[in-house]
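Colleague: According to this note's numbering, the sequence shown is numbered sequentially starting from 37. Each residue gets a CB set at the ideal place from its N, CA and C atoms; glycine is no exception.
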Amino acid sequence: SPVDVTLDPATAGPEVILSEDLKEATWGRPGHRWPEAPGRFDTDPCMLGREGFTSGRHYWEVEATGRFWAVGVARESVERKGCVLFKPNAAIWGLQKYDELCVALTAPSA
Numbered sequence: 037s038p039v040d041v042t043l044d045p046a047t048a049g050p051e052v053i054l055s056e057d058l059k060e061a062t063w064g065r066p067g068h069r070w071p072e073a074p075g076r077f078d079t080d081p082c083m084l085g086r087e088g089f090t091s092g093r094h095y096w097e098v099e100a101t102g103r104f105w106a107v108g109v110a111r112e113s114v115e116r117k118g119c120v121l122f123k124p125n126a127a128i129w130g131l132q133k134y135d136e137l138c139v140a141l142t143a144p145s146a
């Protein structure tokens, strides 16, 4: 069965709006900033889930709507200060859709 993900507001980056039940995230309220926190993404609209796992096979189901969306997975050790670099050795991987184009968010490892 799919993993039940609860989003962690303590890690939410700028312009991210979370639902009351912490199950949905919306990007797009310009100027919205969360209070400073050591574990918060400070420049990109990213956040982590509250629960994590260290081994095994896991999946989650995502309902994405609109012309633009992105979803990803990251290690807890992902760098959260400054621009997020989506590449394997940076501990974060993503998938993005813009209009009809769907791309893997990745960059060379070196």
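Pop quiz: Lys-59 and Ala-100 are said to be a contact at Cβ under 8 Å. What is the actual Cβ separation, rounded to whole angstroms?
Modeller: Not a contact, Cβ separation roughly 13 Å.
Colleague: So Trp-70 and Ala-48 are supposed to be a Cβ contact under 8 Å. How far apart are they, rounded?
Modeller: 6 Å
Colleague: With DSSP as the reference, label Thr-62 as helix, strand or coil.
Modeller: strand
Colleague: Measuring CB to CB, does Pro-50 end up less than 8 Å from His-68?
Modeller: yes
Colleague: When the Cα of Ala-73 is compared with those of Lys-117, Val-139 and Trp-129, which residue comes out closest?
Modeller: Lys-117
Colleague: Could you pull out every unbroken beta strand (DSSP E) segment of at least 3 residues lying fully inside the segment 115-143, listed in chain order?
Modeller: 128-134 and 137-141
Colleague: Determine the DSSP secondary structure at Ala-46, reduced to helix, strand or coil.
Modeller: The answer is helix: DSSP assigns Ala-46 an H, G or I state.
Colleague: Using the three-state DSSP reduction, which class does Val-52 fall into: helix, strand or coil?
Modeller: In the structure shown, Val-52 sits in a strand (DSSP, three-state: E or B).
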